[in-house]
Amino acid sequence: MTLGRMKTFVLAVWSAFFIWLIVTGEVYRYIGPRTYWVVVFGAICLTLAAFSYGVLVMRSQHQRPTVGQSLGVSLLLIPVLLVALVPKPSLGSLAASRKLTGGATSALALQPSQLQPGEEVSFQQLSYAAESAEYASVLGLSDGLEVQLTGFVSDAETAVSGALTLTRFSIFCCAADAVPYSVPIVTPNDESYPLDTWLTVEGTLSQQGLRWVVVARRIQQVDEPENPYI
Amino acid sequence: MSQTAVAAPSPLRFERWAPPLFGGLLLLLLAGRLLGFTDVAPIQTFAIIFTAIVVEALPFVLLGAFAAALIEVYVSDRLLGKITQLPTFLQLPAAALGGFAFPVCECGSVPVARRLIKRGMHPGAGVVFMLASPVFNPIVLLSTWVAYSTRGLGTQMVIGRATLGLVTALAAGWALGAEGAQELLRSKEEASGTEHEQGVGASAKRRVFIEHLSGDFFFMGKFLLAGAALAAGFQTMLPQSLISGVARTAVIGTLALMTIAFLSSLCSEADAFVAVSFTQFPLGSQLAFLVFGPVLDLKLVFLYSAAFRKRFVLSLAAVVVPTVLAGSLVAEVFLR
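As they're listed, the protein sequences go chains A and B. 65 is the number of the first residue of the first sequence in my numbering; add one for each residue after it. 195 is the number of the first residue of the second sequence in my numbering; add one for each residue after it.
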C-alpha cells in the first residue's frame, strides 16, 4: 500500500468512527451535550479530508512508505482500536476517587429556585445543599421529602458513617472534565452493594448535621443508563 | 510540481519507541479482552478519558492544519510582508488580538503559529498568537462567563482571564521572540516531512494545500495521542486530592491548581466548568488554572515539541509559571 493510500485509509476510518459515534449515540459516553457539535463538525471535516486526499492520491505518483512512516501513520488508529477492544467504558468509583468532588461552598453564591411540584431533586442540588443551609431552605428541602436518584455505588467520602454512597458524574465538554457528585444513602437493613453497581434509590430526605441523607425505602439494581452523566 | 518530502526523525523518536510501546499495549488489551480483563476500572477509566480527549481535540487539530495550509498556500507573500514589516511593538498586540478572531482551542493554534513564523511573522508575534488564541477568544470567554455567572462572578472572571491571558502571552512572546525563527522552530530536517515547493497554477495550489493539510494533521496527531495518553494516565492513577490537600494559601493553592491544569490537559472551552468546582481554592488560584492550562499542559508539551525546538517548553515554562503566579496573586486582591 502506498503512503497516500494509508493516509486516506486512516482519515476514512476516523471519519467512519465519528459517524458511528453519532449514529449509535455512543458520543455521549465521551463528549458532553455542549460540545456535541464538535463531533458533528469533526465527522464532516474528516469525511471531506478523506475524500479530498483520496482524490489527490489517485491522481498523483505513488510513494512507497518507509517502515517508520507506516508505523507513524498507523499510530493514529490506536484510539479507534482502543474503543473496539474496550467497548462501552464508563467512569466509575475509581474515577470518582481520583477527582475532586463537585459542590462545596459555591452553593453560597448560587441562586436556587424552589423545587416545583413533581420536580426531582438532583445530585448537584443535594451536594450544594450540604454546604449551605440557606441554599437548602430556598430550594425547599425538608425532612421527609420524597426523592428518587439513579447512580452508581462509590466509596467517595460523605462524612455520614454507615451510609452507602451513590455517585453520578456531571460532564461539561468531555469525560476528562467530569466532576463527581455524591449523596449518602441509608439502606434498609444495612444492605450493601459492590462498587460501581448502578442503583435506582427511592426514599425520603433526612438532615444529619449539614448533610442531606436519603433514607432508602426501595433500592433497585439497574443497568447503566444510556447517558451515564447528569 | 516537484516534491521534496523529507523523511526525518522526530525529536521524541516516535518511530522508535511508540510503535513497540503502543503495539505492546494493544496486544495486552487484546489478550485482556479475550480473558475479560478490560472490564477492570483502571483500563475503563483510561480508555474513556483518553478517547474523549482525542475525539474532542482531533477536529481542532484538523482545523488548525487547514488554517496553516491556507496560510502557506493562499496567503500571498505581499500581504504577509506588510504585516511582518510592522514594528515589533505593534506586531505583538496585533497577534494577540488575532487570537480573538480565530476561535479555536490550543490544539489548533500550534500549527498555525508555526506556519506564520515560517512565513516570516516575527517569532514573538507567532508565540503571542499561539498562546492568546486559546484564552482570548470569544467562545472561551463566553464559557467562562457562563460557568462563573452561577456564582455572580461571570464578568470579573472573564476580565481577569482575558487580562492575565493577554499579559502572559505578551510576556512569553516578548521573551521568547528575542530568538530568531531558526532558533525557535524545529529545523526543516527535523520537521514533519511536509515541506513542498509552491506550485503556480490553481490545480497545483490545491494539490499542495491538501498535502500540507494532511502532513500537518498526521504529524500533530501523533503528538496529540501521546499527550492525551499521558493526561489520561495521570487522571487514572493520581488522586487530585493529593495535590488539593495543600491548597489553603494563595501561593500553594495556585501552584497546586496549575499542576492540576498541567496534568489534566483540559480543553480551554471546558476548563471554566471544572475550575468553578474548585471552590476550596482562592479565586486567584482558579484564575491561574484558567490561564495556565491553555498555554502549558501535558498534551501541549507534545504538540509544542512537534513545532518548536526542545528547549522551547522549558523557556516557555520559565516565563509563564512566574507570570501566571504573580498575576493570579494580584488578581486575588481584585476578585475578593
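Cβ atoms here follow ideal geometry from the backbone N, Cα and C, with glycine treated the same way. Here the structure is a predicted model, which is why all the values come from computation and not from measurement.
Can you list the residues of chain A that residue i reaches, using a CB-CB cut of under 7 Å?
| i | result |
| --- | --- |
| residue 433(B) | 161, 162 |
| residue 243(B) | 239, 240 |
| residue 348(B) | Near residue 348(B) there are no residues of chain A at all, since even the closest Cβ is about 11 Å away, more than 7 Å. |
| residue 460(B) | 240, 241 |
Within the same chain, show all residues whose beta-carbon is closer than 6 Å to that of residue i, passing over the 5 residues directly before and after it, in chain order.
| i | result |
| --- | --- |
| residue 261(B) | 306 |
| residue 489(B) | 325, 514 |
| residue 319(B) | 285, 286, 289 |
| residue 351(B) | 338, 342 |
| residue 171(A) | With a pLDDT of 49 at residue 171(A), under the threshold of 50, the modelled position of that residue is not reliable, and no figure is offered here. |
| residue 496(B) | 417, 420, 421 |
| residue 469(B) | 480, 483, 484 |
| residue 302(B) | 254, 257, 258 |
By the criterion of Cβ-Cβ separation under 8 Å, what are the contact partners of residue i in chain A?
| i | result |
| --- | --- |
| residue 237(B) | 150, 153 |
| residue 429(B) | 159, 162, 163, 240 |
| residue 416(B) | 136, 139, 140 |
| residue 412(B) | 71, 74, 136, 137, 140 |
| residue 468(B) | 236, 241, 243 |
| residue 227(B) | 149, 150 |
In terms of alpha-carbon separation, which member of the options lies closest to residue i?
| i | options | result |
| --- | --- | --- |
| residue 187(A) | 217(A), 67(A), 245(A) | 245(A) |
| residue 417(B) | 489(B), 378(B), 360(B), 501(B) | 501(B) |
| residue 269(A) | 287(A), 249(A), 83(A), 261(A) | 249(A) |
| residue 242(B) | 203(A), 133(A), 147(A) | 147(A) |
| residue 309(B) | 425(B), 414(B), 458(B) | 414(B) |
| residue 371(B) | 327(B), 285(B), 486(B), 420(B) | 285(B) |
| residue 196(A) | 275(A), 77(A), 95(A) | 275(A) |
| residue 477(B) | 528(B), 398(B), 375(B), 491(B) | 528(B) |
| residue 142(A) | 77(A), 206(A), 180(A) | 77(A) |
| residue 266(B) | 323(B), 467(B), 311(B) | 311(B) |
| residue 281(A) | 272(A), 264(A), 293(A), 271(A) | 264(A) |
| residue 362(B) | 522(B), 517(B), 523(B) | 517(B) |
| residue 314(B) | 431(B), 277(B), 346(B), 364(B) | 277(B) |
| residue 454(B) | 267(A), 203(A), 163(A), 229(A) | 163(A) |
| residue 95(A) | 224(B), 226(B), 248(B), 238(B) | 248(B) |
| residue 272(A) | 158(A), 225(A), 177(A) | 225(A) |
| residue 266(A) | 208(A), 291(A), 107(A), 202(A) | 208(A) |
| residue 231(A) | 240(A), 216(A), 178(A), 89(A) | 216(A) |
| residue 467(B) | 240(A), 252(A), 253(A), 292(A) | 240(A) |
List, in order along the chain, the chain B residues whose C-beta lies closer than 7 Å to that of residue i?
| i | result |
| --- | --- |
| residue 94(A) | 242, 245, 246, 249 |
| residue 102(A) | 250, 253 |
| residue 229(A) | Within 7 Å Cβ-Cβ: nothing; residue 229(A) doesn't reach chain B, min ~15 Å. |
Report the CB separation of residue i from residue j in whole angstroms; it is logged as a contact under 8 Å.
| i | j | result |
| --- | --- | --- |
| residue 213(A) | residue 278(A) | 7 Å |
| residue 233(A) | residue 243(A) | 7 Å |
| residue 219(A) | residue 259(A) | 6 Å |
| residue 244(B) | residue 426(B) | 4 Å |
| residue 491(B) | residue 459(B) | 4 Å |
| residue 256(A) | residue 433(B) | Incorrect: roughly 23 Å between the Cβ atoms, too far for contact. |
Excluding five sequence neighbours on each side, which residues of the same chain lie with their C-beta closer than 7 Å to the C-beta of residue i?
| i | result |
| --- | --- |
| residue 321(B) | 307, 366, 367, 370, 371 |
| residue 407(B) | 259, 260, 263 |
| residue 359(B) | 326, 329, 330, 485 |
| residue 69(A) | 121 |
| residue 99(A) | 237, 238 |
| residue 286(A) | 214, 262, 263, 264 |
| residue 134(A) | 70 |
| residue 288(A) | 154, 262 |
| residue 429(B) | 243, 458 |
| residue 82(A) | 103, 106, 107, 110 |
Who are the near neighbours of residue i in its chain, counting only those whose CB is closer than 8 Å to its CB and skipping five residues on each side?
| i | result |
| --- | --- |
| residue 72(A) | 114, 117, 118, 121 |
| residue 356(B) | 329, 330, 335 |
| residue 167(A) | Only weak support exists for where residue 167(A) lies, its pLDDT of 49 falling under 50; the value from the coordinates is given anyway. Around residue 167(A): 188, 191, 192, 194, 195, 245. |
| residue 127(A) | 66, 67, 68 |
List, in order along the chain, the chain A residues whose C-beta lies closer than 9 Å to that of residue i?
| i | result |
| --- | --- |
| residue 407(B) | 113, 116, 117 |
| residue 223(B) | 145, 146, 149, 150 |
Name, please, each residue of chain B whose Cβ falls closer than 8 Å to the Cβ of residue i.
| i | result |
| --- | --- |
| residue 106(A) | 249, 252, 253, 256 |
So which residues on chain B does residue i lean against when the C-beta distance must stay under 9 Å?
| i | result |
| --- | --- |
| residue 120(A) | 400, 401, 404, 405, 408 |
| residue 156(A) | 235, 238, 239 |
| residue 110(A) | 252, 253, 256 |
| residue 88(A) | Chain B residues near residue 88(A): none, gap ~14 Å exceeds 9 Å. |
Does the CB of residue i have a neighbour CB from chain C at under 8 Å?
| i | result |
| --- | --- |
| residue 99(A) | The structure shown contains no chain C; its protein chains are A and B. |
Enumerate, from N- to C-terminal direction, the unbroken alpha helix (DSSP H) stretches of 4 or more residues contained entirely within the segment 135-205 of chain A.
142-149, 157-162, 187-193, 197-203
Would you mind listing the alpha helix (DSSP H) stretches within the segment 220-286 of chain B that are 4+ residues and don't spill past its ends, in chain order?
235-268, 271-278
Which runs of the alpha helix (DSSP H) at least 4 residues long sit entirely within the segment 309-334 of chain B? Give them in chain order.
317-326
Could you tell me which uninterrupted alpha helix (DSSP H) segments, each at least 4 residues in length, are contained entirely in the segment 332-370 of chain B, listed from first to last along the chain?
332-343, 348-370
In chain order, what are the residue ranges of uninterrupted alpha helix (DSSP H) at least 4 long that sit wholly in the segment 100-138 of chain A?
100-123, 131-138
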